Amino acid sequence: MSAPNPDTDARALRQAIAEALLTSPPPLDALPPGRAQVLTRSVVHASRSRPVVRWTVALGSGSGTSTLLAVIGKAYLAGGGEQAWRLLRSLREVCFDDGDLRVPAPYGYDPSRQLLAQEEAPSTTLHSLLDGDPRSAAPEAGRAGRWLARLHHVRGVHVPDLAADFERLKLAEYAEALAGLLPQVAARVAELTAATVEELARADGSRVLTHGDFQPKNIHLDRKRLVVIDFDRAAWAPAARDLGHFIGQTLTMGASRHGNLAAAVPWVDTFLENYLAAGGDEGAVRSVPAYVARTFAEVLFYRLVVRPVKDSSFVPDWLDAWEEALSATAGGRSP
Numbered sequence: 191m192s193a194p195n196p197d198t199d200a201r202a203l204r205q206a207i208a209e210a211l212l213t214s215p216p217p218l219d220a221l222p223p224g225r226a227q228v229l230t231r232s233v234v235h236a237s238r239s240r241p242v243v244r245w246t247v248a249l250g251s252g253s254g255t256s257t258l259l260a261v262i263g264k265a266y267l268a269g270g271g272e273q274a275w276r277l278l279r280s281l282r283e284v285c286f287d288d289g290d291l292r293v294p295a296p297y298g299y300d301p302s303r304q305l306l307a308q309e310e311a312p313s314t315t316l317h318s319l320l321d322g323d324p325r326s327a328a329p330e331a332g333r334a335g336r337w338l339a340r341l342h343h344v345r346g347v348h349v350p351d352l353a354a355d356f357e358r359l360k361l362a363e364y365a366e367a368l369a370g371l372l373p374q375v376a377a378r379v380a381e382l383t384a385a386t387v388e389e390l391a392r393a394d395g396s397r398v399l400t401h402g403d404f405q406p407k408n409i410h411l412d413r414k415r416l417v418v419i420d421f422d423r424a425a426w427a428p429a430a431r432d433l434g435h436f437i438g439q440t441l442t443m444g445a446s447r448h449g450n451l452a453a454a455v456p457w458v459d460t461f462l463e464n465y466l467a468a469g470g471d472e473g474a475v476r477s478v479p480a481y482v483a484r485t486f487a488e489v490l491f492y493r494l495v496v497r498p499v500k501d502s503s504f505v506p507d508w509l510d511a512w513e514e515a516l517s518a519t520a521g522g523r524s525p
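The opening position of the sequence shown corresponds to residue 191 in the working numbering, with each subsequent residue numbered one higher.
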């Protein structure tokens, strides 16, 4: 008899949790009345807390014809599903329901299963465009900048306020874990962390509706639409937080693809230009470097602690980039 494998057991549990959702989608109350027949079922993402599944549904009409529709189901087993459903509905009502900048249409919510049904976004992600020449795909990052400027103008929707001590507590968590893993640079990590906390306290710009995880993997697009998904961390927070998160994530994702942090700089430039051209917050742009710095801390934590990568040779360059972002705060320039 083979010994138990905790990793295998955990994967099996996540898969079982996701498959249990596949029986049927939530009531599709936002769609026109008619019979809905499930044709296919599949697991998109197995997770213990937020599994994602997909159904292909045939929607019947009074005329006897039917329309095929892809429905994404996302369960919020730790809570927050109803809030996500209401937020999507609110955003669709105010400015994200047509044109080229959108959020997924929410089709329905089943409170007993904490399961949200929503429109399927285009299959291509902005992240996947980093596989090619980032310079040629920079205009797509510009579309993301326009989308974010629109979000930051939204008022009157209900999301929580980001806690005043959120950044400080998270950075302390990252620093402790990184110092334990990288004792040779523990002192430097501590200094960078302290400086980041200090610069975030000085950051300028208004508090707005923020996405909370605005980064290329959550941005889906085709020629006609750019659709942003996953509003699980939406909050009233400094506008610069979304900007810095996108930039830090984009630079590190570009480095993972192309071997250097400069690879995705054309995306950053075009993103910020379009954000400002669409009426984005100038004060937030001035505060971007502090939030880029905090994002380097977060990504290092994720890649070394949460989901460790085999090759950590990038660490010295990324620590330098963290420090350079902090240096940029003095001049009020973007990294």
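Virtual Cβ for every residue (Gly too), placed ideally from N, Cα, C.
All of these numbers come straight from a predicted model, not from anything done at the bench.
- For the pair residue 259 and residue 247, the CB atoms are nearer than the 7 Å cut-off.
- Per DSSP, reduced to three states, the secondary structure at residue 309 is strand.
- Close CB contacts of residue 290 within its chain, under the 8 Å cut and outside five residues either way in sequence, are with 333, 414, 415 and 416 (chain order).
- Counting along the chain, residue 444 sits inside the alpha helix (DSSP H) bounded by residues 429 to 448.
- The beta carbon of residue 280 sits closer than 6 Å to the beta carbons of 347 from its chain, once the five residues preceding and following it are set aside; these are given in chain order.
- Closest in C-alpha terms to residue 487, from the list 463, 514 and 472, comes 514.
- Annotated as distal: residue 284 and residue 215, with beta-carbon spacing of 7 Å or more.
- In the structure shown, residue 224 falls within a coil segment according to DSSP collapsed to helix, strand and coil.
- Selection 473, 446, 222 and 456 evaluated against residue 507 yields 446 as nearest (Cα-Cα).
- Per DSSP, reduced to three states, the secondary structure at residue 266 is coil, with no helix or strand assignment.
- For residue 410, the enclosing beta strand (DSSP E) stretches over residues 409 to 411.
- The alpha-carbon separation between residue 364 and residue 390 amounts to approximately 16 Å.
- In this structure, the beta-carbon distance from residue 324 to residue 452 does not fall below 7 Å.
- Look at residue 323 here: in three-state DSSP terms it is coil, with no helix or strand label.
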